[in-house]
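Asks:
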Amino acid sequence: MKKKKQQAAEVQTPETEEKKMTIYEYEQKYSKPMNARGAKFLVRFLAAIIGIFLFICLFFVTMKVYDMNEYAGYAVGAVAVLIFIFFYIVPLVRIMRLGHFVTNVNAYNARSAQKHNRKVRRDVAEKIIDFTAKVEGVGWYDSEVVGRLAIAVNTNDEENIKSTLTELYKGCVKKSAKRLIAKSSLKSAAYSAISQAAKVDTILVIVVNLQLIKDIVFLYGFRPSDARLVKIFARVLQNSLIAYGLGGVSVGNSVVKTMGDAVKGIPLLGSAISAIVDSSIQGLVNGTLTTVIGYQTIRYLNEEYRLQDILDGVDVSETPVELEEACSELETQLKKKKKLAEAS
637 MKKKKQQAAE VQTPETEEKK MTIYEYEQKY SKPMNARGAK FLVRFLAAII GIFLFICLFF
697 VTMKVYDMNE YAGYAVGAVA VLIFIFFYIV PLVRIMRLGH FVTNVNAYNA RSAQKHNRKV
757 RRDVAEKIID FTAKVEGVGW YDSEVVGRLA IAVNTNDEEN IKSTLTELYK GCVKKSAKRL
817 IAKSSLKSAA YSAISQAAKV DTILVIVVNL QLIKDIVFLY GFRPSDARLV KIFARVLQNS
877 LIAYGLGGVS VGNSVVKTMG DAVKGIPLLG SAISAIVDSS IQGLVNGTLT TVIGYQTIRY
937 LNEEYRLQDI LDGVDVSETP VELEEACSEL ETQLKKKKKL AEAS
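Taking our numbering, the leading residue of the sequence shown gets 637, the next gets one more, and so forth.
(1) Over what stretch of residues does the alpha helix (DSSP H) that includes Y744 continue unbroken?
(2) Can you give me the Cβ contacts of I612 inside the same chain, cut-off strictly under 8 Å, excluding the 5 residues immediately before and after it?
(3) Smallest Cα separation from F767: which of T926, Y856 and G949?
(4) Can you look up T791 in the DSSP assignment and give me helix, strand or coil?
(5) Just curious, the alpha helix (DSSP H) that E939 is in, first and last residue?
(6) So V789 and R758 are in contact, right, with Cβ under 8 Å, and what is the actual spacing, rounded?
(7) Output the distance between the C-alpha atoms of I934 and F869, rounded to the nearest integer angstrom.
(8) Please return the same chain residues whose Cβ sits closer than 8 Å to the Cβ of V781, not counting the five positions on each side in sequence.
(9) If you count every other CB in all the chains shown that lies within 10 Å of the CB of A979, and 16 or more means buried, which is it?
(10) Short check: CB of A826 to CB of G919, under 8 Å?
(11) Please classify E965 as buried or exposed, where buried requires at least 16 other C-beta atoms within 10 Å of its C-beta.
(12) Do H736 and R859 count as a contact pair if the criterion is CB distance below 8 Å?
(13) Apply the 10 Å Cβ neighbour rule to G775 and answer buried if 16 or more other Cβ atoms are within range, or exposed otherwise.
(14) Just tell me which of A879, I852 and K811 has its CA closest to the CA of A833.
(15) By a C-beta neighbour count over all protein chains shown, 10 Å radius and 16 as the cutoff for buried, is K850 buried or exposed?
(16) Just to confirm the assignment, what range does the alpha helix (DSSP H) spanning R680 have?
(17) Compute the beta-carbon to beta-carbon distance between M670 and N740, rounded to the nearest angstrom, for a pair I have assumed lies under 8 Å.
(18) Let me know the secondary structure DSSP gives K974 once reduced to three states.
(19) Would you list, in sequence order, the uninterrupted alpha helix (DSSP H) runs of no fewer than 4 residues that lie entirely inside the stretch 760-825?
(20) Should N922 go down as buried or exposed, given a rule of 16 or more other Cβ atoms within 10 Å for buried?
(21) Going by beta carbon distance, what residues of the same chain come within less than 8 Å of E762, once the five residues before and after it are set aside?
(22) Which residue from R730, I765, I946 and S831 puts its Cα closest to that of R754?
(23) Ignore the nearest five residues each way along the sequence and tell me which others in G949's own chain have a CB closer than 8 Å to its CB.
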């Protein structure tokens, strides 16, 4: 009997419990050196380049129509302005205004990142609850799960907010995102196949790609970090260049080779893109690359949601052992410097 009690006590001792990850372990495993200001600048720079490219294409289309008929040119010019505002400026502003999780952290900013991420999680939950209550017929979210999310928010239950959001993302949100991607890819392919004009194709690709990114981040309730947005906007620019006519066999094949992880996560897509580019079917090229944009976006969102969840459980406080080791190391270094100074 005594032996059994002793074994039970040993099972319950803190030493046998799973050790909590420290911020140093998190930093070593998940964080990468990154210039936050540089990433923010690159996001704005790429967004500006895409905007300039779209404006040039709209301008040339307008001038072509104007050369044929002056009044039709004015009408097309007015439509071009509306397209630029509502299909470029508005989606871009909506994307940039959404919050994002901070996951690339170190020991110095871990606490502030955890606090920031908790606020973002709550904002996301409130947006999903509000959208479900006010908008009918969209079918993005499971109303029963959203109801449980509302209870968690009202009771300030952080753990339930996290677990319910995770349930949404793994279930109905994932399905809704795939439907958005399929719909946008079909649009991109169909419109490009009909237009058969490089500048019009470029306009369509930029508009459809940005709308898709905007819809996906609105569905998830948060956007990717600036570093991830740089990669997504670079892909949009790349797609628009291909649509403009730089997507011949040689350029297309190089694009396929550089798609990397965005293609690896999509079954059979790599071989499909190769076949499409080689056969020079422009509509299918644009549609397939729009699919890549969509899957790249949801992959980044899922990765950053997973990392913020891991970070939330990381121990960012200094343990007595760590502090003692740090002081001991400092003492050792000072002694070494003292000896070197005396020797010289």
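Ideal placement from N, C-alpha and C gives every residue a C-beta, glycine not left out.
Replies: The short version:
(1) Start at 1 with the first residue of the sequence shown, and residue 744 comes out as number 108. Note, Y744: premise wrong, no alpha helix (DSSP H); not H, not E.
(2) In the structure as shown, the chain starts at 637 and stops at 980, and residue 612 therefore has no counterpart that could be examined.
(3) For the purposes of this step, residue 767 is identified with residue 131 of the sequence shown, where counting begins at 1. Closest by alpha carbon: Y856.
(4) Reading the sequence shown from its first residue, position 155 is the one you call residue 791. Secondary structure of T791 (DSSP, three-state): coil.
(5) Here residue 939 refers to the residue found at position 303 when the sequence shown is read from its first residue. Per DSSP, E939 is one residue of the alpha helix (DSSP H) stretching across Q918 to D948.
(6) Within the sequence shown, the letter at position 153 stands for residue 789. Within the sequence shown, the letter at position 122 stands for residue 758. That pair is a contact at about 7 Å.
(7) Start at 1 with the first residue of the sequence shown, and residue 934 comes out as number 298. Start at 1 with the first residue of the sequence shown, and residue 869 comes out as number 233. Cα-Cα distance, rounded: 14 Å.
(8) As a position in the sequence shown, residue 781 is number 145, starting the count at 1. Excluding its 5 nearest sequence neighbours in each direction, V781 has C-beta neighbours in its own chain below 8 Å: T800, E803, L804, G807 and C808, listed in chain order.
(9) As a position in the sequence shown, residue 979 is number 343, starting the count at 1. Burial call: exposed.
(10) Locating residue 826 in the sequence shown gives position 190, counting from the first residue. Locating residue 919 in the sequence shown gives position 283, counting from the first residue. At the C-beta level, A826 and G919 come within 8 Å of one another.
(11) Locating residue 965 in the sequence shown gives position 329, counting from the first residue. That one is exposed.
(12) Counting from 1 along the sequence shown, the entry for residue 859 is found at position 223. Counting from 1 along the sequence shown, the entry for residue 736 is found at position 100. Yes, the pair counts as a contact, with Cβ atoms nearer than the cut-off.
(13) Counting from one through the sequence shown, the residue named residue 775 turns up at place 139. Counting Cβ neighbours within 10 Å, G775 comes out exposed, since fewer than 16 surround it.
(14) Counting from one through the sequence shown, the residue named residue 833 turns up at place 197. Considering only A879, I852 and K811, the residue with the shortest C-alpha distance to A833 is A879.
(15) Taking the first residue of the sequence shown as position 1, residue 850 is located at position 214. Under a 10 Å Cβ-count criterion, K850 is classified as buried, with 16 or more other Cβ atoms of the shown protein chains found around its own Cβ.
(16) Taking the sequence shown and counting its residues from 1, the one referred to as residue 680 is at position 44. Residue range A672 to M704 is occupied by the alpha helix (DSSP H) that includes R680.
(17) In the sequence shown, counting from the first residue as 1, residue 670 sits at position 34. In the sequence shown, counting from the first residue as 1, residue 740 sits at position 104. Correct: roughly 5 Å between the Cβ atoms.
(18) Counting from 1 along the sequence shown, the entry for residue 974 is found at position 338. K974 falls in the helix class under three-state DSSP.
(19) Restricting attention to alpha helix (DSSP H) runs no shorter than 4 residues, the stretch 760-825 encloses them at 779-790 and 794-806, ordered along the chain.
(20) Here residue 922 is taken as the residue at index 286 of the sequence shown, counted from 1. Buried, since its Cβ has 16 or more Cβ neighbours within 10 Å.
(21) Locating residue 762 in the sequence shown gives position 126, where the first residue counts as 1. V789.
(22) The residue given as residue 754 occupies position 118 in the sequence shown. Closest by C-alpha distance to R754, out of R730, I765, I946 and S831, is I946.
(23) For the purposes of this step, residue 949 is identified with residue 313 of the sequence shown, where counting begins at 1. Short of 8 Å from the beta carbon of G949, and not among the five residues preceding or following it, lie these beta carbons of its own chain, in chain order: K656 and M657.
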